[in-house]
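Undergrad:
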Amino acid sequence: MKLEKGTSILEVIVALALLGIIGVLFLGSAVNSTNARYTADERASAKILAESIIDTVKKMEYASAYEITIPDEFTGYTADITVDNMANSNIQKVTVVIEHRDRDVLTLENYKVN
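For the sequence shown, our numbering assigns the number 13 to the initial residue and increments by one for each residue that follows.
What follows is the structure, encoded as structure tokens:
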């Protein structure tokens, strides 16, 4: 019987293939985790901005449209504010749509009472 010395080329190839598969799976999950974190951060910033806009609109006099300046810390974000007068003229439905990099991120609705 012959004694084996070292590892065969086949064993090395199988080991490298297994390491490669594990590495690809790990990198795939790392990319997904990074994307999920980015999306969560984007939505959180959009929510803070939308709530700030709603609070500002509620403090303003009644109008058919509202112009709001977006703070510098929200670079890349835009806001579309829509106002609907309800049947009772003392109530307005205010809808704020926040966009980031030309795609809708968040829509927030609230009511303004005179």
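Heads up, the beta-carbon is just placed ideally off N, CA and C, and yes, glycines get one too. Treat the numbers as computed from the prediction; the structure is a model and nothing was measured.
Is it the case that the stretch 22-41 contacts the stretch 56-72, given that we only count it when at least three CB pairs across the two stretches are under 8 angstroms?
TA: Contact between the stretch 56-72 and the stretch 22-41 is absent, because fewer than three Cβ pairs lie under 8 angstroms.
Undergrad: Report the rounded CA-to-CA distance for Asp53 versus Leu61, giving the unit in angstroms.
TA: Each residue's Cα considered, the two are about 12 angstroms apart.
Undergrad: Looking at Asp116 and Ala106, is the spacing between their C-beta atoms short of 8 angstroms?
TA: According to the sequence shown, residue 106 is Val rather than Ala. No.
Undergrad: Taking the continuous alpha helix (DSSP H) assigned at Asn126, which residues delimit it?
TA: Note, Asn126: premise wrong, no alpha helix (DSSP H); not H, not E.
Undergrad: Measure the CB-CB distance between Tyr156 and Gln104 and report whether it falls below 8 angstroms.
TA: There is no way to answer for residue 156, as the model of the chain reaches only from 13 to 126.
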